[in-house]
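Okay, so the sequence shown: first residue is 1 according to UniProt numbering, each after it adds one. One structure is given here, and the rest of the page talks about it.
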Amino acid sequence: MQAKKGDAVQVHYTGKLEDGSVFDTSANREPLGFTLGDGNMIKGFDTAVDGMKLGDKVTVTIPAAEAYGERRDDMMIDVPIAQVPADIKPEIGMSLTLQGGNGQPMPVVVVGLDAEKITLDANHQLAGKDLIFDIELVKVN
Numbered sequence: 001m002q003a004k005k006g007d008a009v010q011v012h013y014t015g016k017l018e019d020g021s022v023f024d025t026s027a028n029r030e031p032l033g034f035t036l037g038d039g040n041m042i043k044g045f046d047t048a049v050d051g052m053k054l055g056d057k058v059t060v061t062i063p064a065a066e067a068y069g070e071r072r073d074d075m076m077i078d079v080p081i082a083q084v085p086a087d088i089k090p091e092i093g094m095s096l097t098l099q100g101g102n103g104q105p106m107p108v109v110v111v112g113l114d115a116e117k118i119t120l121d122a123n124h125q126l127a128g129k130d131l132i133f134d135i136e137l138v139k140v141n
């Protein structure tokens with residue numbers, strides 16, 4: 001059976017960066033299930049699974065543009081230090097969650113800090129990176 005758009009599929013996968021470091025894997029977990037082509041997966045991953053046959057294994061390199069996009073300067077946010085809640089003691093590398101304009105949580109990382117402001121990076125942690133996935137199709141409905 002060959003996977004096609006609209007199919008419910010399950011895959012085992014390992015996601016790596018170009019240096020070989022693993023950023024996510026389904027090893028020792030249930031396979032990842034999703035509907036092929038529904039827009040819930042990064043474009044390159046969806047494209048890689050489309051056309052695979054049950055039991056197929058593939059390794060694909062997904063360029064940043066088809067993964068989490070390029071890093072964007074407009075996703076860098078300066079916040080006056082006076083607006084930081086008193087119970088938060090910001091440090092470089094600290095992860096925080098802001099509330100976005102639509103009420104959705106927006107994860108950010110503190111990347112700059114001085115007496116007047118903190119600089120937050122709202123880019124996805126994998127933005128600007130090409131991703132390498134080992135994918136095995138284990139179920140097609």
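Note that the Cβ used here is the ideal one computed from N, Cα and C, for glycine as well.
- The three-state reading of DSSP puts Q104 in coil, since its state is none of H, G, I, E or B.
- Straight-line spacing of the CA atoms in K57 and Q125 works out to 27 Å.
- For G44, the uninterrupted alpha helix (DSSP H) run begins and ends at K43 to V49, by DSSP.
- Close CB contacts of V108 within its chain, under the 8 Å cut and outside five residues either way in sequence, are with I77, S95, L96, T97, L98, L120, D121 and A122 (chain order).
- Cβ contact annotation for D134 (same chain, cutoff 6 Å, sequence separation greater than five): T14 and T59, in chain order.
- Only buried fits V11, as 16 or more other CB atoms lie within 10 angstroms of its CB.
- DSSP, reduced to helix, strand and coil, places I118 within a strand of the structure shown.
- A distance below 7 Å between beta-carbons, with the five flanking residues on each side excluded, links L54 to the following residues of its chain, in chain order: M1, L137 and V140.
- For D74, there is no enclosing beta strand (DSSP E), as DSSP gives it neither H nor E.
- For the 8 Å CB-CB criterion, A8 and M52 do not form a contact.
- Under the three-state reduction of DSSP, A82 is assigned to helix.
- Cβ contact annotation for A27 (same chain, cutoff 6 Å, sequence separation greater than five): none.
- Beta bridge pairing from DSSP links I62 with L131.
- Sequence-distant Cβ neighbours of L113 in its own chain, meaning closer than 7 Å and more than five residues away, are P90 and I92.
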